[in-house]
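Residue numbers (this note's numbering), protein chains in the order written: chain A, 1 to 211; chain B, 1 to 211; chain C, 1 to 211; chain D, 1 to 211.
For reference, the structure discussed in these notes is given below.
4 protein chains.
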Amino acid sequence: MEVETEHEIQRDQEFDLDRTISLSDGIFAFALTLLVLSISVPELTHPSNADLWNHLLDRRSELTSYLISFAVIGAAWIRHHRFCGGLGRVDARFLVMNLCFLATVAFLPYPTEILGLYGGLTGFAFYAGTLALLVLAFAVLNEHAGRAGLLRQPEDPQDRLARRLGTMMAISAFLISIPIAVVVGNWAGYLTWIILPNADKLVFRFGLLKR
Amino acid sequence: MEVETEHEIQRDQEFDLDRTISLSDGIFAFALTLLVLSISVPELTHPSNADLWNHLLDRRSELTSYLISFAVIGAAWIRHHRFCGGLGRVDARFLVMNLCFLATVAFLPYPTEILGLYGGLTGFAFYAGTLALLVLAFAVLNEHAGRAGLLRQPEDPQDRLARRLGTMMAISAFLISIPIAVVVGNWAGYLTWIILPNADKLVFRFGLLKR
Amino acid sequence: MEVETEHEIQRDQEFDLDRTISLSDGIFAFALTLLVLSISVPELTHPSNADLWNHLLDRRSELTSYLISFAVIGAAWIRHHRFCGGLGRVDARFLVMNLCFLATVAFLPYPTEILGLYGGLTGFAFYAGTLALLVLAFAVLNEHAGRAGLLRQPEDPQDRLARRLGTMMAISAFLISIPIAVVVGNWAGYLTWIILPNADKLVFRFGLLKR
Amino acid sequence: MEVETEHEIQRDQEFDLDRTISLSDGIFAFALTLLVLSISVPELTHPSNADLWNHLLDRRSELTSYLISFAVIGAAWIRHHRFCGGLGRVDARFLVMNLCFLATVAFLPYPTEILGLYGGLTGFAFYAGTLALLVLAFAVLNEHAGRAGLLRQPEDPQDRLARRLGTMMAISAFLISIPIAVVVGNWAGYLTWIILPNADKLVFRFGLLKR
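Given below as structure tokens:
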């Protein structure tokens, strides 16, 4: 009888986890595909070949935003994927926090479009702020999973420290990149992002990957 | 021979259930991601940073609608997810009723956009009415699953009462919020929704969650 | 050794079938959700409540098209779902034919939008023609699965006859509805569709459902 | 103990592979469904039946682009599907490369829309270039899987040669079709694509399919 109940509980937990992962994968896949709508289609009447080509070239910055966002959501998916692989079960709070995290992922096509269309400081700050929120929401999810014992194996104290450091570095990099972009220019802001993942990766190497 | 047949029937039932859940998850994930298209992109030519910022700030009400709808669809998903976890099999009527429920979920981005763009009483009433329909369609689904014996364990009479009470309270809250918004203002209408889930949760605690 | 190989072949076949079903479910789910974009958002500047309400009421025909298309794609999903439940494996041709069928499903939001926006005879004929194509593509899929031995249990000759009759009746109903709409009016065309599924259902009852 | 660990590693690998395939299927399904948005809806006020019909006929080239792109993404899915069926596990680099490949798949609705709207040489070259990139990204994925030992069975040297030849032929066909379209016309460019899959198929028959 008790074995039966235990077996049922496990089935329920696996069901919960499976559906959560399936919903998350769906949202990641759609957000990645929706990004393409952020590249505007030139509206021309019977353009010459050279004309159309120039209008497509004008969309370079929108294409760049597309690629950056694809890389960002892709990287978020890889992290989320690795994180979910370590989960043993989910609870009600996890579902809510995961939805909050997914809301930032699903929102990303909007700042992508703004950044691609208008560039400039406002576009950059809006985009960087959204990324900071995304990283924060993911950190909250990680923190909760560790505390509520949702992981299959308890997190190593050193790993936890490394993860927290990485998160703080990532959030501060996104936030610091905004004043840097104001003072120096957008290119310096992007540079801050390029340095960030490498610094993060160093921490990551001694942290999460050891698991 | 009979065991074989029984095994086949079970496989068919699991297949039906799995595909139904997979279609539902797909629609939930897609509706959640499509919501972002309800936030309009400002159409400007070479805006200054301050200009673009003001235009983004103007979209606060659209962002609010986005967040409310994300929360609503997310909550619907959590309920549907928990409900499907208790299902043992599905029948032809369940498939049709589930599609009716999903039609209200997939429709939600439209009233979201109307509410975000124009606000006002009409937008509020349209949105609240859609939510009432969504809750009704979900209640019908629950009711059918209970009567047709689709649940793995028959519903406790007390649970059923609690569930029905919760549904009626939710639907009346959405409907009552419309005249309240007419008389007092939209903020009072929203307040009705905020009170509703808590009242509902109390019922819920003694009801479905016990399972 | 041979058992191993057989086991591998079965795993490959299950993998093929699973991914085909997963892609199909994805396309059905997105097509169902994309339909909502076919309802146009009124473009107004600071409309009064009554104004907005009238503009929403003007969209009744678009809402009707939305609901019809949701029902059509939903019904197609139920049929496809039941059909896939009987499959034991898929072959290369099946993948191609399934993609052709899915192309008609994924195309449906376009005639839906045309019908909702402009109604009229052209919209009706375009929509009915697409539905005839959809049924034809599904019939080809069924036919191939029967002939290539992809079904877990060979189709009963009587079932096959019933299925073919049902297909022919459905296609002719969609095609005949066009001249009927020309002569009598669109409402008579829709009536032809309403009679069709019932006639089809009678055949269906003695056919596929027996399985 | 060691058996336990081995079992865990296998579970992790299966989890990684399953989620990668699930994300890929989602993106394929969504890209296939998004294509329909590339067909523009005529904007008319109370058009006559003949008027609307003519406007729909004007969209023949957009419909053709829709069908070509559906066939291209469908074919890419079949290849990717077959390729993933042979995978035993994935590694971090594979995830990144797979995302790069999926970025080209998710991008395809954009050149499709350009080609459908404006046709001409620029549209053709843009589309053909994207397809060359798609094939290249897939080839890199294949190459990596072979080298990093991700396949369940190591690739036969003859198969590998055939695969590489096929890739080179496909990429050169897409690239060569651009100058051919310049000199002779777009129809000759399309012809180059029609000849390509057949030449490719011959190589394929003696190559990958043997597995």
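We put the beta carbon where it would ideally sit given N, CA and C, even for glycine.
- Listed in chain order, the positions of the region 119-144 of chain B with a beta carbon within less than 8 Å of a beta carbon of chain A would be empty, since no residue qualifies.
- Annotation: the continuous alpha helix (DSSP H) that includes A:His81 extends over Arg60 to Gly85.
- Per the C-alpha coordinates, the member of A:Asp16, A:Ala76, A:Phe83 and A:Gly185 positioned closest to A:Ala132 is A:Ala76.
- Boundaries of the alpha helix (DSSP H) around D:Val135: Gly120 to Arg147.
- Its Cα nearest to that of C:Thr192, the residue C:Ala128 stands out among C:Leu136, C:Ala128 and C:Leu32.
- Contact annotation: in the region 90-103 of chain D, residues whose CB is within less than 8 Å of a CB in chain A are Ala92, Leu95, Val96, Leu99, Leu102 and Ala103.
- Judged by DSSP secondary structure, A:Ser172 falls within the alpha helix (DSSP H) whose first and last residues are Pro157 to Val183.
- In this structure, the beta-carbon distance from A:Val135 to A:Phe107 does not fall below 8 Å.
- In the three-state reduction of the DSSP assignment, B:Leu151 falls in the strand class.
- Taking C-alpha positions only, D:Gly149 is separated from B:Val90 by approximately 42 Å.
- A straight line joining the alpha-carbon of A:Phe124 with that of C:Asp58 spans about 40 Å.
- Within the region 166-189 of chain D, no residue has its Cβ closer than 8 Å to any Cβ of chain A.
- Contacts between B:Leu17 and chain A, judged by CB atoms closer than 9 Å, are missing: the closest CB pair is about 11 Å apart.
- Annotation for A:Leu151: Gly86, Leu87, Gly88 and Ala145 place their beta carbon closer than 7 Å to its own, counting only its chain and skipping 5 residues before and after.
- At a beta-carbon threshold of 9 Å, the residues of chain A lying near D:Ser22 are Ile21, Ser22, Asp25, Gly26 and Ala29, ordered along the chain.
- As the crow flies, the alpha-carbon of C:Arg160 is around 41 Å from that of D:Phe138.
- Per DSSP, the continuous alpha helix (DSSP H) segment holding D:Val105 begins and ends at Ala92 to Phe107.
- Setting aside the 5 residues that flank it on each side, A:Pro109 is surrounded in the same chain by Ala31, Leu34, Leu35, Leu37, Ser38 and Ser69, each with a C-beta closer than 8 Å to its C-beta; the list follows chain order.
- Per DSSP, B:His55 is one residue of the alpha helix (DSSP H) stretching across Asn49 to Leu57.
- Scanning its chain for C-beta atoms nearer than 8 Å, with the 5 sequence neighbours on each side dropped, one finds around A:Ile73 the residues Phe28, Ala31, Leu32, Leu35, Val105 and Leu108, in chain order.
- At a cut-off of 8 Å between beta carbons, C:Leu191 makes no contact with chain B.
- Under the Cβ distance rule, D:Thr112 does not count among the residues neighbouring chain C, no pair being separated by less than 8 Å.
- Between the alpha carbons of C:Thr130 and C:Ser61 lies a gap of roughly 19 Å.
- The beta carbons of B:Leu165 and B:Phe101 sit no closer together than 8 Å.
- For D:Thr20, the secondary structure class from DSSP, reduced to helix, strand or coil, is helix.
- If you ignore the 5 residues before and after C:Val182, its C-beta comes within less than 7 Å of the C-beta of Leu121, all in its own chain and listed in chain order.
- With at least 16 other beta carbons inside 10 angstroms of its own, C:Asn98 counts as buried.
- Spatial neighbours of A:His55 in its own chain (CB-CB distance under 6 Å, excluding positions within 5 residues in sequence) are listed in chain order as Pro42.
- At a C-beta separation below 7 Å, A:Thr33 has these neighbours in chain D: Ile27, Phe30, Ala31, Leu34 and Ala106.
- For B:Phe83, not one C-beta of chain A is nearer than 8 Å to its own C-beta.
- Excluding residues up to 5 positions away in sequence, Ile39 lie with their Cβ nearer than 7 Å to the Cβ of D:Leu63 in the same chain.
- Inter-residue distance for D:Gly185 and B:Ser65 is about 50 Å (C-alpha atoms, whole angstroms).
- Taking a Cβ-Cβ cut-off of 8 Å, C:Leu161 has no neighbours in chain D, whose nearest Cβ is about 32 Å from it.
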